[in-house]
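Peer 1: First the structure, which I've put down as structure tokens, then a few questions once you've had a look.
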Amino acid sequence: MPLFEWVKIIITISVLIFITVFTEMSLLWFVSCIIFAFIYYSNIPAYMRYTLIIIIPLVITIIIMQIVSGLIFSQYNVFLIIQTTFKIVCATIIIIGSRFFIGSNGFKAFINVFPDTIKLFFLVFTRILYKLLRLNTMIVYQIQSRINMKSNEKYYIPKYYSVAFVSNQFYSLAHYRNGIISRTADTIPEIIIYHNYSMKEYIVTVLIIILLIINIIF
Numbered sequence: 067m068p069l070f071e072w073v074k075i076i077i078t079i080s081v082l083i084f085i086t087v088f089t090e091m092s093l094l095w096f097v098s099c100i101i102f103a104f105i106y107y108s109n110i111p112a113y114m115r116y117t118l119i120i121i122i123p124l125v126i127t128i129i130i131m132q133i134v135s136g137l138i139f140s141q142y143n144v145f146l147i148i149q150t151t152f153k154i155v156c157a158t159i160i161i162i163g164s165r166f167f168i169g170s171n172g173f174k175a176f177i178n179v180f181p182d183t184i185k186l187f188f189l190v191f192t193r194i195l196y197k198l199l200r201l202n203t204m205i206v207y208q209i210q211s212r213i214n215m216k217s218n219e220k221y222y223i224p225k226y227y228s229v230a231f232v233s234n235q236f237y238s239l240a241h242y243r244n245g246i247i248s249r250t251a252d253t254i255p256e257i258i259i260y261h262n263y264s265m266k267e268y269i270v271t272v273l274i275i276i277l278l279i280i281n282i283i284f
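Spelled out as structure tokens, the structure:
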């Protein structure tokens, strides 16, 4: 039983519940949320932190919707808008950072508890997603380097590549599934988890648990 991986999964879920469900905005809650967000932010590699830009349109959309609904129902609450915005920012940072905080070992531990059918789905889906983010981005860059983006040639990408892209993903899905099945005897074996933890991981995990306990007590 990979205990440490499940501890990180459980505390990540607990942190998200703590941020999104709690409605009483005390100083302790506010400081704890900032610390949680910073911890998960620090786990995001520097080259991946650009993904946090998705927070901007999300926050703007929520603010506009709350302002419009407040004007319509004459219940305009600035404090509620600030609180909701703060929750969205912190929760988004934690969701993105949880991928790196939990890591591949946590994902493996999560997959191993499911039946073989669901486990196979997760394995295939993960591979397709990885190839989607890695291979197809490179292909689009190569196409862009070979065509004139200021002319009508730029429409060749969605016109021709999208069809090939979808076809290739369905082919890869079946091909990889058959490859896994052909290499297993009766059942899909448990995914190997390499327990290589750093002292930083232990310290950060204990810090998160302590903060959650403090908030529960007080």
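The letter at position 133 of the sequence shown is residue 199 when you use this note's numbering, and the numbering goes up by one with no holes.
Glycine included, C-beta positions come from ideal geometry on N, C-alpha and C.
Using the Cα positions of PHE166 and TYR268, report the straight-line distance between them to the nearest angstrom.
Peer 2: 15 Å
Peer 1: How far does the alpha helix (DSSP H) with TYR106 in it extend, from its first residue to its last?
Peer 2: That run of the alpha helix (DSSP H) goes 93-108.
Peer 1: Can you tell which of GLN132, PRO68 and ILE83 has the C-alpha that lies nearest to the C-alpha of LEU278?
Peer 2: The option with the nearest alpha carbon to LEU278 is ILE83.
Peer 1: Please identify the residue among ILE147, THR78 and LYS74 whose C-alpha is closest to the C-alpha of VAL134.
Peer 2: ILE147
Peer 1: Around the C-beta of VAL81, are 16 or more other C-beta atoms found within 10 angstroms, so that it is buried, or is it exposed?
Peer 2: buried
Peer 1: Would you decide whether TYR296 is buried or exposed? Buried here means 16 or more other CB atoms lie within 10 Å of its CB.
Peer 2: Lying outside 67 to 284, the shown extent of the chain, residue 296 is not represented and no answer is given.
Peer 1: Can at least three beta-carbon pairs, one atom from the region 109-123 and one from the region 150-167, be found at a separation below 8 Å?
Peer 2: yes
Peer 1: With a CB to CB cut of under 8 Å and the five nearest residues on each side skipped, what residues in its chain are close to LEU124?
Peer 2: ILE154 and THR158
Peer 1: Reducing DSSP to helix, strand and coil, say where PRO111 ends up.
Peer 2: coil
Peer 1: Cβ atoms of PHE145 and TYR263: under 8 Å apart, would you say?
Peer 2: no
Peer 1: LYS78 to THR86, Cα distance in whole Å?
Peer 2: Residue identity differs from the one stated: residue 78 is Thr in this sequence, not Lys. The straight-line gap from Cα to Cα measures roughly 12 Å.
Peer 1: Rounded to whole angstroms, what is the Cα-Cα separation between ILE282 and THR150?
Peer 2: 21 Å
Peer 1: Compare the Cα-Cα distances from PHE152 to each of ILE75, ILE138, TRP95 and GLY172 and report the closest residue.
Peer 2: TRP95
Peer 1: Could you give the distance in angstroms between the alpha-carbon of ILE75 and the alpha-carbon of PHE180?
Peer 2: 15 Å
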